[in-house]
Amino acid sequence: MAKTKTIENLFVLLSVYTDLLPILLFLIFFNHVKNNRVCWLFVLYLLFDFTTNFSLLYLIPAKFHNRIYPFFTFFETIFFASFFYSILSKPSLRKLVIISTVIFSTLLVAYYFLSPLLIHRRQRIDSIPIGIETILIFIFSFIYFFEQLNDTTELFIYSQPSFWGVLGILLCLAGSFFIYIFANQIDFKDLGKYWIITNISVIVRNLFFAVAIFIQANQSIKKPPGNFKLYPSH
Numbered sequence: 051m052a053k054t055k056t057i058e059n060l061f062v063l064l065s066v067y068t069d070l071l072p073i074l075l076f077l078i079f080f081n082h083v084k085n086n087r088v089c090w091l092f093v094l095y096l097l098f099d100f101t102t103n104f105s106l107l108y109l110i111p112a113k114f115h116n117r118i119y120p121f122f123t124f125f126e127t128i129f130f131a132s133f134f135y136s137i138l139s140k141p142s143l144r145k146l147v148i149i150s151t152v153i154f155s156t157l158l159v160a161y162y163f164l165s166p167l168l169i170h171r172r173q174r175i176d177s178i179p180i181g182i183e184t185i186l187i188f189i190f191s192f193i194y195f196f197e198q199l200n201d202t203t204e205l206f207i208y209s210q211p212s213f214w215g216v217l218g219i220l221l222c223l224a225g226s227f228f229i230y231i232f233a234n235q236i237d238f239k240d241l242g243k244y245w246i247i248t249n250i251s252v253i254v255r256n257l258f259f260a261v262a263i264f265i266q267a268n269q270s271i272k273k274p275p276g277n278f279k280l281y282p283s284h
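FYI, in this note's numbering the residues of the sequence shown are 51 to 284.
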């Protein structure tokens, strides 16, 4: 039992501190990725994620955690929507992301104000908003893949940093989707047994974000300078 608890604690720490891995790569390759908007979004999101989780783990008492989760869900949605807005090329799809995010954010704020009146039992986590956010991000992801499938300029989708970012987000949200949905319906001890899946999903997401930043840096390093000429003039 103690060994199992130790493993669970290890994955908790890894899920928190692997946020720093993509940030470290960003700093190492800063000169090569500093002009890439997607890399900046990754770093800003991970700084936000790390600060929130570090505070929940060490600074904020557990009885106040359920008050922090709604703010996290709101800002996470904004970050992910900004990411998809940046990687989609068609104006109509970008507009769809904006409209969907504005509608969801408005409903989210309304839910947080009305939920204490409608739901009398204390909620451990904001399951309904998280579930809707996950479905929304799934839709954005499928739109991205559909656009990529119709793009003949790129032969290998996995050579794009955005692909690894989307895949990381998808795997993370998919891995934790049902746990978040049923978090308020099952016993707290039983919830702890399955929470390790969420932590593993976060670790995988962070590793994929690191891959995305590394690919972007590698492409920038290999890219010839602006005044490069394949056949120099005599």
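We put the beta carbon where it would ideally sit given N, CA and C, even for glycine.
Using three-state DSSP, classify residue i as helix, strand or coil.
i           : result
residue 239 : helix
residue 101 : helix
residue 283 : Residue placement at residue 283 is flagged as unreliable, the pLDDT there being 46, under the threshold of 50; a coordinate-derived value is accordingly withheld.
residue 233 : coil
residue 144 : helix
residue 79  : coil
residue 206 : coil
residue 84  : coil
residue 253 : helix
residue 149 : helix
residue 72  : helix
residue 278 : With a pLDDT of 45 at residue 278, under the threshold of 50, the modelled position of that residue is not reliable, and the figure given next carries that caveat. Correct three-state label for residue 278: coil.
residue 220 : helix
residue 137 : helix
Identify, in the order they occur along the chain, each residue of the same chain with its Cβ nearer than 6 Å to the Cβ of residue i, setting aside the five sequence neighbours on each side.
i           : result
residue 207 : 198, 213
residue 68  : 253, 256
residue 120 : 162, 176
residue 79  : 267
Rounded to the nearest angstrom, how far is the Cβ of residue i from that of residue j, given a contact under 8 Å?
i           : j           : result
residue 261 : residue 222 : Between residue 222 and residue 261 the Cβ distance is about 14 Å, and since that is not below 8 Å, they are no contact.
residue 61  : residue 249 : 4 Å
residue 123 : residue 155 : So it is not a contact: roughly 10 Å between Cβ atoms.
residue 259 : residue 92  : 5 Å
residue 158 : residue 179 : 5 Å
Quick check: the Cα distance between residue i and residue j, rounded to an integer number of angstroms?
i           : j           : result
residue 145 : residue 108 : 40 Å
residue 224 : residue 184 : 8 Å
residue 226 : residue 105 : 21 Å
residue 215 : residue 135 : 13 Å
residue 115 : residue 73  : 25 Å
residue 63  : residue 201 : 40 Å
residue 149 : residue 125 : 16 Å
residue 76  : residue 210 : 16 Å
residue 269 : residue 240 : 45 Å
residue 85  : residue 266 : 11 Å
residue 245 : residue 58  : 8 Å
residue 89  : residue 147 : 19 Å
residue 264 : residue 87  : 14 Å
residue 94  : residue 81  : 17 Å
residue 203 : residue 143 : 19 Å
residue 112 : residue 182 : 25 Å
residue 56  : residue 237 : 21 Å
What residues in its chain sit with their C-beta under 7 Å from that of residue i, if we drop five residues either side in the sequence?
i           : result
residue 368 : Limits of the chain in this structure are 51 at one end and 284 at the other, which puts residue 368 out of reach.
residue 194 : 134, 137, 138, 216
residue 272 : none
residue 110 : 118
Could you name the residues of the same chain whose beta carbon sits closer than 8 Å to that of residue i, not counting the 5 residues immediately before and after it, in chain order?
i           : result
residue 70  : 96, 100
residue 66  : 100, 103, 104, 107
residue 219 : 130, 133, 187, 191, 255
residue 140 : 197
residue 247 : 225, 226, 229
residue 242 : 58
residue 83  : 76, 89, 263, 266, 267, 270
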